[in-house]
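Protein sequences, first through last, are from chains A, B and C. The numbering of the first sequence is our numbering, which starts it at 10 and goes up by one. The numbering of the second sequence is our numbering, which starts it at -15 and goes up by one. The numbering of the third sequence is our numbering, which starts it at 83 and goes up by one. Just so it is clear, CB atoms sit at the ideal spot from N, CA and C, and this is done for glycine as well. Scroll down for the structure; my scribbles are underneath it.
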Amino acid sequence: MAGTSTVLEDSSLLSRLDRALLPIERVMALLSGLAAFSLMFLAAYSVSAREFFEKPLLGYVDYIEALMPLIAIMGVSYVQRSGTHIRMDIIVGAMRGRVLWFVELVMVLLILVLMIALVWGAWAHFDRSFDCARPLCSRDSSIDISMPLWPSKLLVPIAFVVLCARLVLQAVGYARALWLNLDRPVAVPLIQSVAAQARAEADALEGAD
Amino acid sequence: MDPITIGLWTTGGMLCLVFLGMRVAFAAGLAGFVGLVWLRWNGFDYAPERFGKAVEISVKIAGQVPHSKVSAHALSLIPTFILIGYLAYYAKLTTALFDAAKKWIAWVPGGLAVSTVFSTAGFAAVSGASVATAAVFARIAIPEMLKIGYNKQFAAGVVAAGGTLASLIPPSAILVIYAIIVEQDVGKLLLAGFIPGAFSAFVYAVLIIGIAVIFKNVGPPVGGFTWRERLVALPPALPIVAVVVIIIFFVYNPFGDAWGTPTEGGAVGAFIVFLMALYRGMRLSELKDALIETAKLTVMIFTIIWGVLIYVRFLGFADLPGAFSDWITSLTVSPMLILICILLAYAVLGMFMDAIGMLLLTLPVVYPAVMALNGGEFVSAEDSAFGMSGPMCAIWFGILVVKMAEFCLITPPIGLNCFVVAGVRDDLSVQDVFKGVTPFFIADAITIALLVAFPAIVLWLPSLA
Amino acid sequence: TFALEAAATEWNVSVWGKRRAFTEHVEKLAELVSEKTNGEFTMNISYGGLSKNRENLDGISIGAFEMAQFCAGYHRDKNRVITVLELPFLGVENLEQEVAVASAVYQHPAAIEEMEQWNAKLLMTSPMPQYNIVGTGEPKTKLSDFEGMRVRATGGLGKAFESVGGVPTSVTATEAYQAMESGVVDTVAFAQHAHLSFGTINQADWWTANLNPGTVNCPVVVNIDAYDSLSDDHRAALESSIPEALDHYLANYAELLERWDSVLEEKGVQKVEIAPDVIEEFRAAAADPARDAWIADMEAQGIPGQELYDLVVKTLADAKGGS
Ligand code: NA
Ligand code: NA
């Protein structure tokens, strides 16, 4: 499931850029978490307003639907940085050295192609809903309370641009490892054995006990 | 070229990328995007000057999907269910549960193992994720079992198997995902998971007691708790009961009107566990960690969701699912045999793949085929192949595949729960855990066979609601 | 065979849900067009496979598919002009009148211009009967009964109930049944076919036969580029099939409405007739302010709101006079 990988650091420019991007990604992930947290209060408020005060929250569904992209997409780059997006590493896990870096590089470049396309497409999706000649710049609105949809749609290309930046850094990292035939390159998530990965995951929970 | 052929090539390419190790979400998204371009350019007869237009249209179709698909009210259950699990951990509900289970039921043969199974089942009622459950109980339950002389492989197997219960017993992220993909009522599916989940726990318990009776040295009973001790152990575990009652009553209230929608129920349940965690002294830094961890898991799941849905959008234009279900229904083999073959295919695929990835990648094609086998979405129970109406078949198949996915968490070579348990304990190798989990493997096979043979176990509760 | 292939036109059509009364004109249109062109011009109708229903207009604008259906109330800011047809208490009595007023508005330059921004051309409406409400408990027969009523009604209709003290409560159509069962809402406003397909009729104790508070407007549109690139024969086949497709829709819906009374009886749902003076009171409280606000809002955005409203009123009067 959620794999946790290690990212090594040193004083190279690449590693510094990696660490410069990380706080941005972390804040975006925290925003995702906070938005998930706020769902809880929104529902508790909505239920009690309805049951105890006979005054349901108008636009409840609209608010949640506007929040969902924040919850679901903002942290996408943070997850890529830590290598948490799931994959089957039974084959890639058996690779070593230049073969491994080559395969990783090709896969990161393919993902980059997809994400550049999606930045363009997600921006176009936002752009269709945005027209500042109109009230609130709104050219698309929600079903119940006619709330403008463009702010929620804008979150997606923003999150994807950050992911593209992360992918460029990882591509450079893998290319460097391939070129210099490095053993443990910086700025890319390194595969751990499945067991070590499980250990790291368990440790993450342990810290809280 | 005909769209079905393009669909097959693209799907094959995607599977290659997935097996090669590309992150599942992006492999699916890329396959979908490339497929859309190919299909469109094919429609333009591969005219070179229209390639740009084909790309532009495809980019815009694919670029809609992430926002469009994640902004659905019902999907808000997933982050809520994940958050509940983390908060429950900080509310120290896990230790409280195990303690209570031990004091009440450890007197039976194999007592501590049975207590472990029931407390993992209890924790499953607040946790949406199986792996987390296994990790937590590996730390709490295994040392206690070893202390009184349990076989260590067996103790590890109990925890690895018990952990799987979290995906079936609501709240369950994976059931919500199934409901969204196949567009069925989330509430009824969650309700449907309850009895098969409890049933699985029951089968595990019977198995453990049987083993303990036959092999005297496997797991001695633990007695000597006073009634006072037992009663004192109960209150700390009570919030779990509150959460279970709330989620169930928001979906289905046996005594009258349900209290609301499942999404509201999940959120109110999380709120109660949050209050409990505050009461138990959760610090701000811990809350921040819980939120980051929730975000990581949520975003990971949603990335697969939108990635796969880009691929599904392409499938919609290529109409591959339609062609596949036409093919399946044209076979002259009995529908039940085909269903069993599909489940076996999941067992094989699940040996190598993550459960969520596996379901998301296959359901868009397999689900319509299974529904067609039964006689279509609107078929009545009398006219159907499996003796149940369309919506009931959707629920039944959902529970079956989720149970298959759980089964895959303990099967070699990639049984994730076994790795997690071995990872937590220095003294256990992965082979040890796989050895210890083998009996549960058989128990799961029996459970699945019973769920196939007696659909009423799954369908009784949702048919009331 | 090359010449034959070159002449072939295949359109993707995006609708949603399941095949039902609401999509019968699209199904019929596809059938007629194919018949008239000897199978050269075909339409693949996809129920939800190509787009989310609220993004069908986006799909048309992208060129993802050639034809689609959507409802104005899903996204008022995308289609401000035709929301005039969703104003409460316009006084439309039957589907024939609904078709007449919708066609008039669809031909208005403001509507054509706004749809052109989406690269869309309005082809025909999907006439919906009035969104009468089903409810649980005691029937609501007086205006004061609407006070605090939790009603599932969207858009202009929701606003109308709000103006007499009701509380519009957002649940999606698919959640409506459960929301009613759980008491999240106590009334639901739908057309008859939706009360049947979403099961709200099974929860209901009563149905208002003559409240007629308004309806939603759901056009079928085509991508302008695709329309323009049709051969003359194919375009003629398409255009000439529209009236036939609508006739089929009306006949099919009429059958459903005929069954409606027996459905009510079978489910034990009471048919409530609201007194004319109560309806008049409701209309005064809901319709007039909503209309004035709508016109002012549109005029402020440079859309001829008054003209559009007058067009609806006049067309409706003509349709009533004619029938
Ligand atoms: Na669970
Ligand atoms: Na496995």
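Taking 8 Å as the limit between beta carbons, can you name the residues of its chain near B:A365, skipping five residues before and five after? Closer than 8 Å at Cβ, skipping near neighbours: G371, M372, S373 and M376.
Cβ of C:Q260 within 8 Å of any chain B Cβ: So, interface residue.
Same chain only: Cβ atoms within 6 Å of B:A196, ignoring 5 sequence neighbours per side: Cβ neighbours of B:A196 beyond the five flanking positions: P93, G94, V202 and G203.
Please confirm whether A:P144 has its beta-carbon closer than 8 Å to some beta-carbon of chain C. With 8 Å as the cut-off, A:P144 counts as an interface residue toward chain C.
How is A:M97 classed by DSSP in three states: helix, strand or coil? The answer is coil: DSSP assigns A:M97 none of H, G, I, E or B.
7 Å Cβ cut-off: residues of chain C touching B:I45: Under the 7 Å cutoff, chain C gives I144 and A146.
The segment 301 to 335 of chain B: positions lying closer than 7 Å to chain C by Cβ: Listed in sequence order: F301.
Kindly list, in the order they appear in chain B, the residues whose Cβ is closer than 8 Å to that of C:V115. Here the premise fails: no neighbours, minimum Cβ distance about 19 Å.
With a cut-off of 8 Å, does the C-beta of C:T297 fall near any C-beta of chain A? Cβ-Cβ to chain A under 8 Å: no for C:T297.
Cβ-based neighbour list, C:A186, same chain, cut-off 6 Å, excluding 5 preceding and 5 following: Excluding positions up to five away in sequence, the list reads L393 and T397.
So, does the CB of A:D136 fall closer than 8 Å to a CB anywhere in chain C? For A:D136, the answer is no, since every Cβ of chain C falls outside 8 Å of its Cβ.
Specify the secondary structure class of C:N126 as computed by DSSP and reduced to three states. DSSP, read as helix, strand or coil, puts C:N126 in strand.
Starting from A:P157, follow its DSSP beta bridges and name the residues at the other end. Residue pairing by DSSP places A:P157 opposite A:S150 in a beta bridge.
From C:F280, C:V302, C:T269 and C:I306, residue whose alpha carbon lies closest to that of C:T290: Answer by Cα proximity: C:T269.
Go through the segment 220 to 292 of chain C residue by residue and report every complete run of the beta strand (DSSP E) that reaches 3 residues or more, in order. Unbroken beta strand (DSSP E) runs of no fewer than 3 residues, entirely contained in the segment 220 to 292 of chain C, are found at 232 to 234, 269 to 271 and 288 to 290, following chain order.
By a C-beta neighbour count over all protein chains shown, 10 Å radius and 16 as the cutoff for buried, is C:T83 buried or exposed? Low local confidence applies: a pLDDT of 37 at C:T83 is under 50, so the model's placement there is unreliable, with the coordinate-based value given in what follows. Flag for C:T83 reads exposed.
Of all the CB atoms in chain A, is at least one closer than 8 Å to the CB of C:D140? With 8 Å as the cut-off, C:D140 counts as an interface residue toward chain A.
B:L262 to C:G387 span [Cα, whole Å]: Going from the Cα of B:L262 to the Cα of C:G387 covers about 55 Å.
Using a C-beta to C-beta distance shorter than 7 Å, which residues of chain B count as neighbours of C:W128? One point to set straight first is that residue 128 of chain C is Ser, not Trp, in the sequence displayed. Neighbours of C:S128 on chain B, chain order: G300.
Report the rounded CA-to-CA distance for B:K387 versus B:I432, giving the unit in angstroms. One C-alpha to the other measures close to 7 Å.
Chain C contacts made by the segment 56 to 72 of chain A, where a contact means CB separation under 8 Å: So the close ones are R59, E63, K64, P65, L67, G68, Y69, V70 and D71.
Is there at least one Cβ from chain C nearer than 8 Å to B:W290's Cβ? Interface flag for B:W290 against chain C is unset, since no Cβ pair is found closer than 8 Å.
What do you get for C:E87, buried or exposed, if any count of 16 or more other CB atoms within 10 angstroms of its CB means buried? Residue confidence is low: C:E87 scores 46 on pLDDT, short of 50, so the model does not pin down where it sits. No coordinate-derived value is stated.
Going along chain B in order, which residues have a C-beta closer than 7 Å to the C-beta of C:V266? Close to C:V266, with beta-carbon spacing below 7 Å, are these residues of chain B in chain order: G244 and T245.
I want to see whether chain B comes within less than 8 Å of A:M10, judged by CB atoms only; does it? Because the pLDDT at A:M10 is just 32, under 50, the model does not fix this residue reliably, and the value given afterwards should be weighed accordingly. Under the 8 Å criterion on CB atoms, A:M10 is classed as interfacial with respect to chain B.
Shorter than 8 Å from the beta carbon of C:H157 to some beta carbon of chain A? Closer than 8 Å to some Cβ of chain A, the Cβ of C:H157 qualifies, so yes.
Per DSSP, cross-strand counterpart(s) of C:W93: C:M125, per the DSSP bridge assignment.
Please name the residue or residues paired with C:K203 in a DSSP beta bridge. The partner list for C:K203 (beta bridge, DSSP) reads C:V304.
What residue from B:F301, B:V363, B:V18 and B:V235 has the CA that sits closest to C:S96's CA? Just measuring C-alpha positions, the residue of B:F301, B:V363, B:V18 and B:V235 sitting nearest C:S96 is B:F301.
Could you tell me which residues DSSP puts in a beta bridge with A:F139? DSSP, once it has assigned bridges, lists A:S147 as partnering A:F139.
Exposed or buried, B:W311, counting other C-beta atoms within 10 Å across all chains shown (16 or more means buried)? When all chains shown are included, B:W311 counts as exposed.
Per-residue DSSP class, three states only, for C:V216: Residue state for C:V216 is assigned as strand, using DSSP reduced to three classes.
Alpha helix (DSSP H) runs contained entirely in the segment 62 to 101 of chain B, provided each spans 4 or more residues: Complete alpha helix (DSSP H) runs here, min 4: 77 to 89.
Which stretch, first to last residue, makes up the beta strand (DSSP E) that contains C:A150? For C:A150, the enclosing beta strand (DSSP E) covers residues M149 to Q151.
Chain-ordered neighbours of B:I41 on chain C, where CB pairs are closer than 8 Å: When 8 Å is used as the limit between beta carbons, B:I41 is near these residues of chain C: I144, G145 and A146, in chain order.
What's the call for C:A319, buried or exposed, on a 16-neighbour Cβ count within 10 Å? With 16 or more Cβ atoms within 10 Å of its Cβ, C:A319 is classed as buried.
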